[in-house]
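One structure is given here, and the rest of the page talks about it.
Residue numbers (my numbering): 964 to 1128.
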């Protein structure tokens, strides 16, 4: 039996496939949520060091609390780049167990809904995402490469397998 170019081998029996693919699909969707939470927690990483002036002995304890710890450093959202790679890998992993584009997009959908949920404030008024450019970079880098991969898969399926002459 020959397979079309670019298709992955599937699991054997139908009952094994239904049970096993359901578990893997659920884990990939859950992984989309977990990776977003980790990316959000590590988003405010800064490069550089803080230039904190030496304090007088009487105010030494309070000076460390009042100093701007990001002075002299720049934001470095490495997790936005990680999101670009991880979301494409999640979609690629989902495409190995199913051919339906709607199901393949489930990890990205969970990632996007979790992103939108984290933009709202919590019950105490705390927010995980602030209005800054690294937050926008995380959204763009998380959605754009994965969306382009889904676009590629949709066009690959629309064209169909290559026919020999």
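Ideal Cβ positions, reconstructed from N, Cα and C, are used throughout, including at glycine.
Cβ separation of residue i and residue j, assumed to be a contact under 8 Å, to the nearest whole Å
| i | j | result |
| --- | --- | --- |
| residue 1046 | residue 991 | The pair is not a contact, with the Cβ atoms about 15 Å apart (cut-off 8 Å). |
| residue 1067 | residue 984 | Residue 1067 to residue 984, Cβ: 12 Å. No contact. |
Residues that DSSP places opposite residue i in a beta bridge
| i | result |
| --- | --- |
| residue 1106 | Beta-bridge pairing links residue 1106 to no other residue. |
| residue 1080 | According to DSSP, residue 1080 bridges with nothing at all. |
Residue from the options whose Cα sits closest to the Cα of residue i
| i | options | result |
| --- | --- | --- |
| residue 1091 | 989, 1000, 983 and 984 | 1000 |
| residue 1105 | 1079, 988, 1060 and 1008 | 1079 |
| residue 1010 | 1097, 1038, 1086 and 1044 | 1038 |
Local Cβ density within 10 Å of residue i, reported as buried at 16 or more and exposed below that
| i | result |
| --- | --- |
| residue 1112 | buried |
| residue 1069 | buried |
| residue 1072 | exposed |
| residue 975 | At residue 975 the pLDDT is 45, less than 50, meaning the model places this residue with poor confidence and gives no usable figure here. |
| residue 1050 | buried |
| residue 1040 | buried |
Cα-Cα separation, residue i to residue j
| i | j | result |
| --- | --- | --- |
| residue 1063 | residue 1075 | 19 Å |
| residue 1109 | residue 1103 | 10 Å |
| residue 989 | residue 1002 | 20 Å |
| residue 1088 | residue 1082 | 11 Å |
| residue 1057 | residue 1096 | 30 Å |
| residue 1119 | residue 1086 | 45 Å |
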